[in-house]
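2 protein chains.
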Amino acid sequence: MVSAAAHATPTFSPLYQQIKALILGSLRSGEWKPGEVIPSEIELAARFRVSQGTVRKAIDELAAENLLLRRQGKGTFVATHAEQQVQFRFLKLVPDSGSRGSEGPAQRDIIECRRVRASADVAKALALRCGDTVLQVRRVLSFGGAPAILEDIWLPAAPFKGLTAERLATCKGPMYALFETEFNVRMVRAEEKIRAVAATETHADLLKVAVGGPLLSVERIAYTYQREPMELRKGYYRTDTHHYQNDMN
Amino acid sequence: MVSAAAHATPTFSPLYQQIKALILGSLRSGEWKPGEVIPSEIELAARFRVSQGTVRKAIDELAAENLLLRRQGKGTFVATHAEQQVQFRFLKLVPDSGSRGSEGPAQRDIIECRRVRASADVAKALALRCGDTVLQVRRVLSFGGAPAILEDIWLPAAPFKGLTAERLATCKGPMYALFETEFNVRMVRAEEKIRAVAATETHADLLKVAVGGPLLSVERIAYTYQREPMELRKGYYRTDTHHYQNDMN
DNA sequence: TAGTGGTCTAGACCACATA
DNA sequence: ATGTGGTCTAGACCACTAC
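Protein chains in written order, with the UniProt record's numbering: chain A, 1 to 249; chain B, 1 to 249.
Right, dumping it as structure tokens:
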């Protein structure tokens with residue numbers, strides 16, 4: 001028996017995975033921006049010197065991961081948070097009666113937006129060094145006139161240079177859509193840690209609830225392409241008239 | 001398999017979707033049980049008179065939905081909650097430090113298990129009539145000696161005929177694995193509504209927390225094949241040392 | 001060595017959107 | 001009419017598992 005394997009590389013990577021990585025690279029580099037069409041399967045097959053079927057399988061996986069969006073007869077598009085169908089993809093709070101029909105919070109009040117030095121936990125979450133400059137945003141989201149969500153958001157200062165409270169206030173769609181068009185940052189994945197906590201005075205004041213009453217704490221880290229953390233968000237949700245909906249397959 | 005519906009019927013169903021429905025039927029009927037191998041792709045292609053590629057695409061989708069599990073060189077298997085890799089798939093509570101390594105709660109105490117009449121909300125959740133007989137189970141799950149979860153579970157009486165507190169207490173693995181082997185019920189999907197609530201005296205007593213303190217309320221409806229609701233579960237989680245983890249792609 | 005799922009190809013045809 | 005993605009096929013070959 002020959003102990004040596006036929007190929008020296010123990011890492012076997014299918015062709016379509018390599019193609020997938022190449023497409024991902026073009027997405028990450030900004031060659032194709034959110035909302036735009038990417039080249040047709042036939043063009044990509046020619047560019048990469050593989051069959052259309054191989055390109056198809058690569059795109060299939062990227063579409064399953066919500067990075068691309070296929071539209072029959074029209075082409076394949078880079079997914080975007082501005083898309084009507086997938087707006088507020090990461091917002092799981094829905095009214096107890098009926099489900100939110102892809103529309104977001106009616107009112108969004110920016111309480112503050114300032115530059116601060118990253119604390120230890122913020123730095124860790126964003127893969128920065130302690131003391132690095134970050135943007136801190138506080139806002140309140142309301143549904144039907146009643147405040148329901150208080151959010152504290154931390155963003156690395158460099159990629160979001162120029163972001164102001166005014167700019168956030170004049171934004172109509174989702175904040176993540178603004179990030180795409182203004183800062184070329186696309187959020188593709190998010191992890192949330194959820195807890196029940198007692199409302200502090202600040203919470204109570206801004207959300208019009210009783211001090212010590214139960215609030216849902218939602219701590220999110222959002223990632224761009226390549227699993228780079230780009231946002232830390234600590235949310236406090238009222239869950240007396242709404243609930244956090246999680247569907248599992 | 002090619003239906004001759006070439007009329008004005010707006011219902012166009014690809015071949016592989018029809019194959020998928022047929023495979024689903026066999027799963028539902030119990031022809032192939034959880035943990036068993038299903039026939040090879042070549043066999044299924046012969047049975048259904050289609051190409052292997054078409055069978056493959058049908059199986060691909062079922063595998064993506066966690067109904068089947070492909071294992072290269074061995075075959076395709078019916079997914080099961082007894083599987084080491086996917087045990088406690090629907091349990092999202094993890095310790096704050098480090099993540100649960102596929103092991104579940106160390107201790108599971110059955111507080112009660114009795115037959116009751118379905119209240120309005122239980123009947124609605126389980127698609128039963130108000131007053132129908134249901135089994136009600138209450139239990140406490142502990143991690144590392146400390147109680148962390150109180151659960152009230154309602155099951156339709158008919159499919160779970162013969163289930164007792166003793167049988168539940170002697171069960172080692174996940175409850176859903178017991179359901180598969182003893183009652184031929186496989187849970188494939190679950191919806192959870194999550195809220196923050198204040199602990200009642202009962203909660204406080206069983207979970208060793210303060211009355212009025214924050215608890216995570218997790219209301220789950222679990223479904224078998226074909227989206228039939230088969231379980232209603234109201235859980236109350238302590239989230240001082242653990243958190244509910246939700247990862248979104 | 002045989003059988004399984006996994007990859008890759010090439011080509012035909014269908015459904016959908018647009019011009 | 002053209003171009004896009006979607007379906008279906010047939011066949012070759014690769015990688016993994018078991019015997």
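Beta carbons: idealized from backbone N, C-alpha and C, even for Gly.
- Output the distance between the C-alpha atoms of A/Val197 and B/Ala146, rounded to the nearest integer angstrom. 19 Å
- How is B/Ser202 classed by DSSP in three states: helix, strand or coil? It should be noted that the sequence gives Thr, not Ser, for residue 202 of chain B. For B/Thr202, the three-state secondary structure derived from DSSP is helix.
- Interfacial residues, the segment 180-205 of chain B to chain A, with Cβ spacing under 8 Å: Val188, Arg189, Ala190, Glu191, Glu192, Lys193, Ile194, Arg195, Ala196, Val197 and Ala198
- How about B/Thr170: is its C-beta nearer than 8 Å to some C-beta of chain A? False, the Cβ-Cβ gap to chain A never drops below 8 Å.
- Mind checking whether A/Trp32 and A/Val78 have CB atoms under 8 Å apart? yes
- Message: Given a cut-off of 8 Å on the beta-carbon distance, is the pair A/Phe90 and B/Met248 in contact?
- Response: yes
- Task: Evaluate A/Val37 with the Cβ neighbour count: other Cβ atoms within 10 Å of its Cβ, from every protein chain shown; 16 or more gives buried, anything less gives exposed.
- Result: exposed
- Task: At 3 residues or longer, and completely inside the UniProt domain "HTH gntR-type" (13-81) of chain B: list those beta strand (DSSP E) runs for me, N to C.
- Result: 68-71 and 75-78
- Query: From A/Arg195 to A/Pro214, what distance separates their C-alpha atoms?
  - Reply: 10 Å
- So which residues on chain A does B/His81 lean against when the C-beta distance must stay under 8 Å? From the beta-carbon of B/His81, no residue of chain A is found nearer than 8 Å; the closest lies around 13 Å away.
- Item | Segment contact, 8 Å Cβ cut-off, at least three pairs: the segment 208-227 of chain A with the segment 163-183 of chain B | no
- Using alpha carbons as the reference points, say which of B/Leu141, B/Phe143, B/Ser142 and B/Ala120 lies closest to B/Thr133. B/Ala120
- Exposed or buried, B/Thr54, counting other C-beta atoms within 10 Å across all chains shown (16 or more means buried)? buried
- Item | Local Cβ density within 10 Å of A/Cys130, reported as buried at 16 or more and exposed below that | exposed
- Task: Compile a chain-ordered list of the residues in the segment 232-244 of chain B whose CB is closer than 7 Å to at least one CB of chain A.
- Result: If the cut-off is 7 Å between Cβ atoms, the segment 232-244 of chain B has Thr239, His243 and Tyr244 near chain A.
- Item | Cut-off 6 Å between Cβ atoms - residues of its own chain near B/Glu192, not counting five sequence neighbours on either side | Val218 and Arg220
- Consult DSSP for A/Gly213 and reduce its assignment to one of helix, strand or coil. coil
- Query: Does the count of Cβ pairs from the segment 14-29 of chain B and the segment 59-72 of chain B closer than 8 Å reach three?
  - Reply: yes
- Message: Please give me, in chain order, every unbroken run of the beta strand (DSSP E) with length at least 3 that falls completely inside the segment 101-144 of chain B.
- Response: 107-117 and 133-143
- Give a yes or no on whether the minimum CB-CB distance between A/Leu44 and chain B is below 8 Å. Not one chain B Cβ lies under 8 Å of A/Leu44.
- Using a Cβ-Cβ cut-off of 6 Å (strictly less than) and excluding sequence neighbours within five positions of B/Ala8, which residues of its own chain qualify? Only weak support exists for where B/Ala8 lies, its pLDDT of 40 falling under 50; the value from the coordinates is given anyway. Excluding residues within five positions, none has a Cβ falling inside 6 Å.
- Are A/Ala148 and A/Leu232 close, meaning C-beta to C-beta below 8 Å? Taking a C-beta distance under 8 Å as the contact criterion, A/Ala148 and A/Leu232 do not qualify as a contact pair.
- Task: At 7 Å on the CB atoms, spell out the chain B contacts of A/Leu215, in chain order.
- Result: Chain order gives the chain B residues near A/Leu215 as Ala196, where near means a beta carbon separation below 7 Å.
- Item | Cβ separation of B/Ser142 and B/Pro105, assumed to be a contact under 8 Å, to the nearest whole Å | Between B/Pro105 and B/Ser142 the Cβ distance is about 6 Å, and since that is below 8 Å, they are a contact.
- Item | Status (buried if at least 16 other CB within 10 Å, exposed otherwise) for B/Glu43 | The C-beta of B/Glu43 has fewer than 16 other C-beta atoms within 10 Å across all chains shown, which makes the residue exposed.
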